[in-house]
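Residue numbers (our numbering): 1 to 236. Backbone N, C-alpha and C fix where the C-beta goes; we use that ideal spot for every residue, glycine too. Read through the structure below, which is laid out as structure tokens, and then see the notes.
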């Protein structure tokens with residue numbers, strides 16, 4: 001059995017490493033050529049471009065590993081079949097289960113390994129890669145967005161926003177749903193727009209729907225300006 005496993009590994013590992021290098025190389029080339037015009041337009045230095053590619057390498061490995069494993073297993077089994085080695089194995093009493101169990105073990109180990117690799121290496125290097133790339137091509141990041149829904153940190157206030165302007169820190173067409181300590185409906189606020197001022201949002205042209213003092217009827221009122229300390233969810 002040890003000889004059988006060794007034979008499978010010797011047939012599998014070279015194909016796996018070759019396919020992994022090939023797919024990583026393809027991904028690196030795709031990233032390079034898709035951004036080549038940006039590098040040329042901003043006269044990016046070659047050492048900087050090479051550093052971006054190096055920082056992208058762990059992410060490429062993470063992308064390429066699953067398809068490399070799939071290709072290598074298929075190629076190895078296909079090669080054994082083409083050389084009639086599968087017939088010899090089955091004739092010697094090797095079941096299909098025993099044939100594929102080494103590949104299942106390799107897949108399981110690879111899955112666990114890539115999970116820790118992603119968390120310990122890929123996330124940090126990919127963040128550095130994106131930061132360096134934006135620096136090389138002078139790309140600014142905007143956090144402005146449309147159709148945004150956000151929940152406050154205490155989950156009692158829900159913000160529904162048509163448009164958020166990150167540069168001006170303003171909201172357009174805002175709807176707020178506010179809940180009490182028991183997470184029951186407390187009030188609803190519809191505002192034309194809002195602005196961030198001194199650690200809280202200031203809402204303008206508001207229509208407020210809330211319970212009356214006895215909680216038996218919903219009432220509504222109009223206010224030109226609303227500044228509430230509890231509406232302090234930071235813009236970013």
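Check                                                                                                                                                                        : Outcome
Which same chain residues end up closer than 6 Å to residue 175 when comparing Cβ atoms and leaving out the 5 residues on each side of it in sequence?                       : 160 and 190
Rounded to whole angstroms, what is the Cα-Cα separation between residue 23 and residue 158?                                                                                 : 44 Å
Report the rounded CA-to-CA distance for residue 57 versus residue 41, giving the unit in angstroms.                                                                         : 24 Å
Whole alpha helix (DSSP H) runs in the segment 9–53 with 4 or more residues, listed along the chain?                                                                         : 36–41
By a C-beta neighbour count over all protein chains shown, 10 Å radius and 16 as the cutoff for buried, is residue 62 buried or exposed?                                     : buried
Whole angstroms are fine: how far does the CA of residue 119 sit from the CA of residue 111?                                                                                 : 13 Å
To the nearest angstrom, how far is it from the Cα of residue 185 to the Cα of residue 115?                                                                                  : 41 Å
Enumerate in chain order the residues of its own chain whose CB-to-CB distance from residue 14 is below 8 Å, with the five nearest sequence positions on each side excluded. : none
What are the partner residues of residue 195, as DSSP defines its beta bridges?                                                                                              : 170 and 202
Grab me the residues of residue 144's own chain with a C-beta within less than 8 Å of its C-beta, minus the 5 sequence neighbours each way, in chain order.                  : 163, 164, 165, 166 and 167
Give the straight-line distance between the Cα atoms of residue 211 and residue 187, rounded to the nearest whole angstrom.                                                  : 7 Å
Do residue 203 and residue 194 come within 7 Å of each other at the CB atom, strictly closer than that value?                                                                : yes
Identify whether residue 126 lies in helix, strand or coil by the three-state DSSP scheme.                                                                                   : helix
Helix or strand or just coil, what does DSSP make of residue 131?                                                                                                            : helix
Tell me whether the beta-carbon of residue 72 lies closer than 7 Å to the beta-carbon of residue 12.                                                                         : yes
Can you give the Cα-Cα distance for residue 107 and residue 74, rounded to whole angstroms?                                                                                  : 13 Å
If we ignore side chains and look at the alpha-carbon of each, how far apart do residue 10 and residue 3 end up?                                                             : 10 Å
Does the distance from the C-beta atom of residue 102 to that of residue 8 stay below 7 Å?                                                                                   : yes
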